[in-house]
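For reference, the structure is listed below as structure tokens.
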Amino acid sequence: MPNASARPRHGRRTRRRRREDPARNELVSSSLESAQQCLFNQDYGTAFVHYLLVLNLAPVFKDFAKESFRFTLFKWTEELDSVGRIQDLFDCYEQALELFPTDEVILNSMGEHLFRMGFRDEAAGHFHKALKLRPDYPEARENFYRVANWLVERWHFLMLNDHGRNRKYQQAIQKAVKSGCSTVLDIGTGTGILGMCAKEAGAAEVYACELSKTMYELACEVVTANGMDGDIKILHMKSLEMKVPKDIPHRVSLVVTETVDAGLFGEGIMESLIHAWHHLLLPPQKGNNESQEHSQTGRVIPAGATVFSMAVECLEIRRHHRMCVSEVGGLSMADAGELRSPVSCSSEPDESMEPYTTERLSRLPGGYKALTAPFTALNIDFNNVQELEGLSSRPVQQIRLPVTEEGELDALAVWFQLHLDEESSLSTGPQEDTCWEQAIYPFHCSKGFVLKPKDELIVEVSCRDAYLRLCSVAVLRDGHEIRLDKRLDSQDSGNLVSTQNPEAELCSALACLQTDQNQAKDFSMLECAEMALLNNQDYHQSFSTALGKLISQLKAQTREQGPDFQSSTDSSDLLYVLDVSEGFSLLSLIAASHGHVKAYSSVEKKKQQEVLKRLAHSNNIPEKHLEFWLNHVEDEQGMLKRPSREKLWSAIILDCVETCGLIRQKLMDKASLARCLLEEGGRIFPERIVVYGMLVESDTLLLESAVQGQEPTLGFNIAPFINQFTVPVHVFLDFSTLECRHLSESVELFVLDLMEASTNYTNRDVKVQATSAGRITAVPFWYNIYLDSDISFSTLSRNSHWKQAAAVLQQPLEVQAGDWVCLAVKLHKSTISISAHKQEAPRPME
Ligand code: 44T
Numbered sequence: 088m089p090n091a092s093a094r095p096r097h098g099r100r101t102r103r104r105r106r107e108d109p110a111r112n113e114l115v116s117s118s119l120e121s122a123q124q125c126l127f128n129q130d131y132g133t134a135f136v137h138y139l140l141v142l143n144l145a146p147v148f149k150d151f152a153k154e155s156f157r158f159t160l161f162k163w164t165e166e167l168d169s170v171g172r173i174q175d176l177f178d179c180y181e182q183a184l185e186l187f188p189t190d191e192v193i194l195n196s197m198g199e200h201l202f203r204m205g206f207r208d209e210a211a212g213h214f215h216k217a218l219k220l221r222p223d224y225p226e227a228r229e230n231f232y233r234v235a236n237w238l239v240e241r242w243h244f245l246m247l248n249d250h251g252r253n254r255k256y257q258q259a260i261q262k263a264v265k266s267g268c269s270t271v272l273d274i275g276t277g278t279g280i281l282g283m284c285a286k287e288a289g290a291a292e293v294y295a296c297e298l299s300k301t302m303y304e305l306a307c308e309v310v311t312a313n314g315m316d317g318d319i320k321i322l323h324m325k326s327l328e329m330k331v332p333k334d335i336p337h338r339v340s341l342v343v344t345e346t347v348d349a350g351l352f353g354e355g356i357m358e359s360l361i362h363a364w365h366h367l368l369l370p371p372q373k374g375n376n377e378s379q380e381h382s383q384t385g386r387v388i389p390a391g392a393t394v395f396s397m398a399v400e401c402l403e404i405r406r407h408h409r410m411c412v413s414e415v416g417g418l419s420m421a422d423a424g425e426l427r428s429p430v431s432c433s434s435e436p437d438e439s440m441e442p443y444t445t446e447r448l449s450r451l452p453g454g455y456k457a458l459t460a461p462f463t464a465l466n467i468d469f470n471n472v473q474e475l476e477g478l479s480s481r482p483v484q485q486i487r488l489p490v491t492e493e494g495e496l497d498a499l500a501v502w503f504q505l506h507l508d509e510e511s512s513l514s515t516g517p518q519e520d521t522c523w524e525q526a527i528y529p530f531h532c533s534k535g536f537v538l539k540p541k542d543e544l545i546v547e548v549s550c551r552d553a554y555l556r557l558c559s560v561a562v563l564r565d566g567h568e569i570r571l572d573k574r575l576d577s578q579d580s581g582n583l584v585s586t587q588n589p590e591a592e593l594c595s596a597l598a599c600l601q602t603d604q605n606q607a608k609d610f611s612m613l614e615c616a617e618m619a620l621l622n623n624q625d626y627h628q629s630f631s632t633a634l635g636k637l638i639s640q641l642k643a644q645t646r647e648q649g650p651d652f653q654s655s656t657d658s659s660d661l662l663y664v665l666d667v668s669e670g671f672s673l674l675s676l677i678a679a680s681h682g683h684v685k686a687y688s689s690v691e692k693k694k695q696q697e698v699l700k701r702l703a704h705s706n707n708i709p710e711k712h713l714e715f716w717l718n719h720v721e722d723e724q725g726m727l728k729r730p731s732r733e734k735l736w737s738a739i740i741l742d743c744v745e746t747c748g749l750i751r752q753k754l755m756d757k758a759s760l761a762r763c764l765l766e767e768g769g770r771i772f773p774e775r776i777v778v779y780g781m782l783v784e785s786d787t788l789l790l791e792s793a794v795q796g797q798e799p800t801l802g803f804n805i806a807p808f809i810n811q812f813t814v815p816v817h818v819f820l821d822f823s824t825l826e827c828r829h830l831s832e833s834v835e836l837f838v839l840d841l842m843e844a845s846t847n848y849t850n851r852d853v854k855v856q857a858t859s860a861g862r863i864t865a866v867p868f869w870y871n872i873y874l875d876s877d878i879s880f881s882t883l884s885r886n887s888h889w890k891q892a893a894a895v896l897q898q899p900l901e902v903q904a905g906d907w908v909c910l911a912v913k914l915h916k917s918t919i920s921i922s923a924h925k926q927e928a929p930r931p932m933e
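Numbering of the sequence shown is given in the numbering used here, commencing with residue 88 and proceeding in unit increments.
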């Protein structure tokens, strides 16, 4: 027991006295008995209280009762969770951890609750601790990898690996410090790198702030490891909350920051700098007044930015943001109303909407076509607080862009140049060899709009709610204006060049917009991946064919059993299909469209249910054949409950793969539950998943996975600290455009049989022959999803809404063409892990 020998003497005496106290012994033994009895009766709350009493009074029982105590804790907290008694739940865990502070199972489990409640930082702390206590504890490992992605976003690795960017920041900071900026604040310090640059350049005082707890702790570790812990004061707070002299003793002469995202303003740099100028920075240098002492003025690195944009055609963007097809799996989508992604800045600002998404244009499958030349959307001086403050009240600026290429308008792409100082700048442009993504402002127009050379595109640029807003509002063609922004049709058209031209009006209506106002308002938002899924006709057609096949088989089966089947309209003759897809899904409707089917959908959102109902109506599916499975019960037991006592499911559709490219958690548990609920001859869709992979050499993947190389970053020791957050599996990858060399053919890695539990395995060694020489750095993997033995689709296909995942090897493996590599593939719960080693003697595949 920890510290037992270090206990103060009176403690020991007390304990001895305790052991000798017959009344106490009596209490302990009767409580232990009660605990066991309550446990047996499944009265977990009372059992838990009894156990607490026993173990607090008689710690000698800890070893003996540990397993039962844990079990009671988990059962009781499950109950507390289900009734929303969250505070009580955490109190129980805290009491448990007081008794067993180094119990990795309790720590991990508490982490899981914390994670579900959204306390990711705290959850990560618990998983990390559990993993340190037992490095081979797979549950904690899996959980830690899951949170690592949230806590330390992958771009940190990219940025630290971007030597060009690091150098430029370092040089700009050195110059500023040498020119007299001696007090520095690093806003959003991340790993502490810019603050350390300032200190090393000779700054007298350096402060840094960081709002993420994990990053703050990491920065503290890094700064200490570099011997600067006394020199840099790091604060765990948002810069907006900082005050002089409470947090820093006086105003500083230099603010350094890289709190910019792909859309420049998304990390709140405007707000942070306005606040810094008012509260944290010395007044700026006025004009060219040379007499003003540098040390008494404040400035910011970066000094400013120029934002660029251009219009693009890009099918990949289009299919993620609006409907591109009118028929899906045999259903007409005509009456669906407008369906679109939540990425939009043309509508009224709304919590649920984001003005832009981000993409690396150079990595978009299918590429893109620039329809206009790049134009300057905005210039901003970070050293001018009036300008920063004025930005949000600036009138909307209209820019006319000559169209240079014919093509469908899909988006405005945005990037920027960050001017570190007068001499040096960084660019996030699509042509640059940098880690940066571009911001994508998709164009939502249900019917699309084709731009032609000689057209002029009118774009409105404004800066509302600290976001840059860009909106394609109209096109000038042959002297006429065609409106693209339907909202302006009925509202403040004053902003636009007004045309009294009836021909243009007609053009406008025809070009793009639904003229029916009611319908225009009646739009539903779906996530980008849901839009892409809806646009995937092959996926839906596969389901339709497989369901059709099954339904006719089952009908034939029933006909054999009972001759009245055909004529009967009794609903007991219906086949029952359950679609437990996550999010929006048409599959229940597709099942119902085959007739004689009662389909249950798991779509939860009211508005999306309305869409399905409308589609049922317009596709002549009786209303009563579509039901919504409102899963009030959180667990999968509830979710997969059958509809009535007599009826078993004919088909259960499971959602197997997450958009990010990983197998869904608990998939196999759900499959085994689903198997129990099938009628004879019923099926689970899909019946089988085959995992494929390939050996590749990809430096890009390495750069996104960990800080590379033995060289310190700008001379600082950072890599070992941030690399603790390296995860072995990389997600959201686009394998088709990943810069990599293929070192083998694609190979089958693993088979998951959802219909047959007994055939499943958890470990498999796969032998792969290298087709060319190189360094294997990763094994990207994807899935072939088999609905039945004939019908399948791949998550790698061109129109898939899925991305891919890749196992990044701990050590690159050098191979020659013809070498055999052994991949050890493991499936633990739903997590795939892959390791590779060279196979000395070639052996045939098993
Ligand atoms: N993403 C770049 C953003 N912070 C870069 O907590 C580029 C994205 C990117 N701390 C692909 C590639 C790239 N006060 O740790 C974060 C954040 C913190 C603040 C204190 C504040 N007011 C703030 C605001 C932010 O600053 C750190 C950096 S922010 C984002 C940097 C490679 N996708």
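The beta-carbon is built from N, C-alpha and C at its ideal position, and this holds for glycine as well. This one's a predicted model, so the numbers in the text were calculated from it and none came from an experiment.
Legend entry - Residues near Gly768 in its chain [Cβ-Cβ closer than 7 Å; skip 5 each side]: The residue labelled residue 768 in the question sits at position 681 within the sequence shown. Excluding positions up to five away in sequence, the list reads Gln640, Leu641, Gln644.
Legend entry - Short Cβ contact (7 Å threshold) for Ala349 with Ala526: For the purposes of this step, residue 349 is identified with residue 262 of the sequence shown, where counting begins at 1. For the purposes of this step, residue 526 is identified with residue 439 of the sequence shown, where counting begins at 1. Yes.
Inset, instruction - Determine contact between the region 249-257 and the region 222-238, defined as no fewer than three beta-carbon pairs at a distance below 8 Å. - result: Contact between the region 249-257 and the region 222-238 is absent, because fewer than three Cβ pairs lie under 8 Å.
Inset, instruction - Compute the distance between the beta-carbons of Asn622 and Val412, then report whether it is under 7 Å. - result: Sequence index remark: in the sequence shown, residue 622 carries index 535 (1-based). Sequence index remark: in the sequence shown, residue 412 carries index 325 (1-based). Yes, the Cβ-Cβ distance between Asn622 and Val412 is below 7 Å.
Inset, instruction - Quick one: using the 10 Å Cβ neighbour count with 16 as the cut-off for buried, is Gly289 buried or exposed? - result: Position 202 of the sequence shown, counted from the first residue, corresponds to residue 289. By the beta-carbon neighbour count (other beta carbons within 10 angstroms, threshold 16), Gly289 is exposed.
Inset, instruction - Measuring alpha carbon to alpha carbon, tell me which of Phe837, Ala893, Tyr554 ends up nearest Cys827. - result: Sequence index remark: in the sequence shown, residue 827 carries index 740 (1-based). It is Ala893 whose Cα lies nearest to the Cα of Cys827.
Legend entry - Proximity of His28 and Cys615 at Cβ, strictly below 7 Å: With the chain covering only 88 through 933, there is no way to say anything about residue 28.
Inset, instruction - Output yes or no for whether 7 Å exceeds the beta carbon distance between Phe395 and Pro461. - result: Position 308 of the sequence shown, counted from the first residue, corresponds to residue 395. Position 374 of the sequence shown, counted from the first residue, corresponds to residue 461. Yes.
Legend entry - Cutoff 8 Å; reference His683; Cβ partners in own chain excluding five residues on either side: As a position in the sequence shown, residue 683 is number 596, starting the count at 1. Counting only Cβ-Cβ distances below 8 Å, and skipping sequence neighbours, we find Ile638, Lys642, Asp660, Leu661, Leu662.
Inset, instruction - Output yes or no for whether 7 Å exceeds the beta carbon distance between Ala857 and Leu900. - result: Position 770 of the sequence shown, counted from the start, is the residue given in the question as residue 857. Position 813 of the sequence shown, counted from the start, is the residue given in the question as residue 900. No Cβ-Cβ contact shorter than 7 Å links Ala857 with Leu900.
Legend entry - Residue from Gly267, Gly905, Glu547 with nearest C-alpha to Arg570: To locate residue 570, count along the sequence shown from 1; it is residue 483. Closest option to Arg570, Cα to Cα, is Glu547.
Inset, instruction - Please report how far the alpha carbon of Ile486 lies from the alpha carbon of Lys300, in whole angstroms. - result: Within the sequence shown, residue 486 is the residue found at index 399, counting from 1. Within the sequence shown, residue 300 is the residue found at index 213, counting from 1. Cα to Cα, Ile486 sits roughly 42 Å from Lys300.
Inset, instruction - Would you tell me roughly how many angstroms separate the C-alpha atoms of Met410 and Ala561, rounded to the nearest one? - result: Your numbering for residue 410 matches position 323 in the sequence shown. Your numbering for residue 561 matches position 474 in the sequence shown. Their backbone Cα atoms lie some 21 Å apart in a straight line.
Legend entry - Residues that DSSP places opposite Trp736 in a beta bridge: Indexing the sequence shown from 1 puts residue 736 at position 649. Secondary-structure assignment with DSSP links Trp736 through a beta bridge to Leu765.
Inset, instruction - Take every Cβ of the region 126-143, pair it with every Cβ of the region 155-174, and state whether three or more of those distances are shorter than 8 Å. - result: Yes: the two stretches touch, three or more of their Cβ pairs being nearer than 8 Å.
Inset, instruction - Work out the CA separation of Asp565 and His323 for me, nearest whole Å. - result: Position 236 of the sequence shown, counting from 1, holds the residue named residue 323. Position 478 of the sequence shown, counting from 1, holds the residue named residue 565. For His323 and Asp565, the distance between alpha carbons rounds to 58 Å.
Legend entry - Enclosing beta strand (DSSP E) for Tyr873 [first to last residue]: On the sequence shown, residue 873 is found 786 positions in, with the first residue counted as 1. 861-873 is the extent of the beta strand (DSSP E) around Tyr873.
Legend entry - Presumed contact (8 Å Cβ cut-off) between Ile319 and Gly282, rounded CB distance: Position 232 of the sequence shown, counted from the first residue, corresponds to residue 319. Position 195 of the sequence shown, counted from the first residue, corresponds to residue 282. A Cβ-Cβ separation of about 5 Å places Ile319 in contact with Gly282 under the 8 Å criterion.
Inset, instruction - Could you check the C-alpha separation between His137 and Leu119 for me, to the nearest Å? - result: Here the question's residue 137 lines up with position 50 in the sequence shown. Here the question's residue 119 lines up with position 32 in the sequence shown. Roughly 7 Å separates the two Cα atoms.
Legend entry - Identity of the residues DSSP links to Ala686 by a beta bridge: Position 599 of the sequence shown holds residue 686. Per DSSP, Val664, Leu713.
Legend entry - Continuous alpha helix (DSSP H) stretch holding Gln372: start and end: Taking the first residue of the sequence shown as 1, we reach residue 372 at position 285. Run containing Gln372: none; DSSP gives neither H nor E here.
Legend entry - Cutoff 6 Å; reference Glu474; Cβ partners in own chain excluding five residues on either side: In the sequence shown, the residue the question calls residue 474 occupies position 387. Asp468, listed in sequence order.
Legend entry - Leu499: first and last residue of the uninterrupted alpha helix (DSSP H) it sits in: Within the sequence shown, the letter at position 412 stands for residue 499. Counting along the chain, Leu499 falls outside any alpha helix (DSSP H), though it belongs to the beta strand (DSSP E) covering 498-506.
Legend entry - Minimum C-alpha distance to Lys251 - residue among Asn850, Ser823, Ser922, Leu801: Here residue 251 corresponds to residue number 164 of the sequence shown, with the count starting at 1. Checking the displayed sequence, the identity of residue 251 turns out to be Gly instead of Lys. When each option's Cα is compared against that of Gly251, the closest is Leu801.
Inset, instruction - Locate the alpha helix (DSSP H) running through Gln484, then write down its first and last residues. - result: Against the sequence shown, residue 484 aligns to sequence position 397. Premise fails: Gln484 lies in the beta strand (DSSP E), 484-489, not in any alpha helix (DSSP H).
Inset, instruction - Sort Ala421, Gln891, Asn466 by Cα distance to Leu478 and report the nearest one. - result: By one-based count along the sequence shown, residue 478 stands at place 391. Comparing Cα-Cα distances from Leu478 to each of Ala421, Gln891, Asn466, the minimum goes to Asn466.
Legend entry - Gly198 beta carbon near the ligand HEM (any heavy atom closer than 6 Å): This structure does not include the ligand HEM; its bound ligands are the ligand 44T.
Inset, instruction - Output the residue ranges of the alpha helix (DSSP H) runs that lie fully inside the region 508-532 and measure 4 residues or longer, sorted by chain position. - result: Within the region 508-532, no complete alpha helix (DSSP H) run reaches 4 residues.
Legend entry - Residues that Ala850 bridges to, as DSSP identifies them: Position 763 of the sequence shown, counted from the start, is the residue given in the question as residue 850. Note that residue 850 corresponds to Asn in the displayed sequence, not to Ala. Answer by DSSP bridge pairing, in chain order: Lys913.
Inset, instruction - Would you kindly check if the distance between the Cβ of Phe808 and the Cβ of Ala553 is under 7 Å? - result: Within the sequence shown, residue 553 is the residue found at index 466, counting from 1. Within the sequence shown, residue 808 is the residue found at index 721, counting from 1. Going by C-beta atoms, Ala553 is not nearer than 7 Å to Phe808.
Legend entry - Among Val387, Lys539, Met612, Leu620, nearest to Glu403 - alpha-carbon criterion: Within the sequence shown, the letter at position 316 stands for residue 403. Ranking Val387, Lys539, Met612, Leu620 by Cα distance to Glu403 puts Leu620 first.
Inset, instruction - Classify Ser917 as buried or exposed, calling it buried when 16 or more other Cβ atoms lie within 10 Å of its own Cβ. - result: Counted from its first residue, the sequence shown places residue 917 at position 830. So Ser917 ends up on the buried side.
Legend entry - Inter-stretch contact at 8 Å, needing at least 3 Cβ pairs: the region 861-871 / the region 773-784: Inter-segment contact for the region 861-871 and the region 773-784 is present: three or more beta-carbon pairs are separated by less than 8 Å.
Inset, instruction - State yes or no: is the C-beta of Thr189 within less than 7 Å of the C-beta of Leu220? - result: Position 102 of the sequence shown, counted from the first residue, corresponds to residue 189. Position 133 of the sequence shown, counted from the first residue, corresponds to residue 220. Yes.
Legend entry - Meets three-Cβ-pair contact criterion under 8 Å: the region 878-892 and the region 809-819: With a cut-off of 8 Å, the region 809-819 and the region 878-892 count as touching, because enough Cβ pairs lie within range.
Legend entry - His381 - DSSP class collapsed to helix/strand/coil: Numbered from 1 along the sequence shown, position 294 holds the residue referred to as residue 381. Here His381 scores only 48 on pLDDT, less than 50, and its place in the model is too uncertain to base an answer on.
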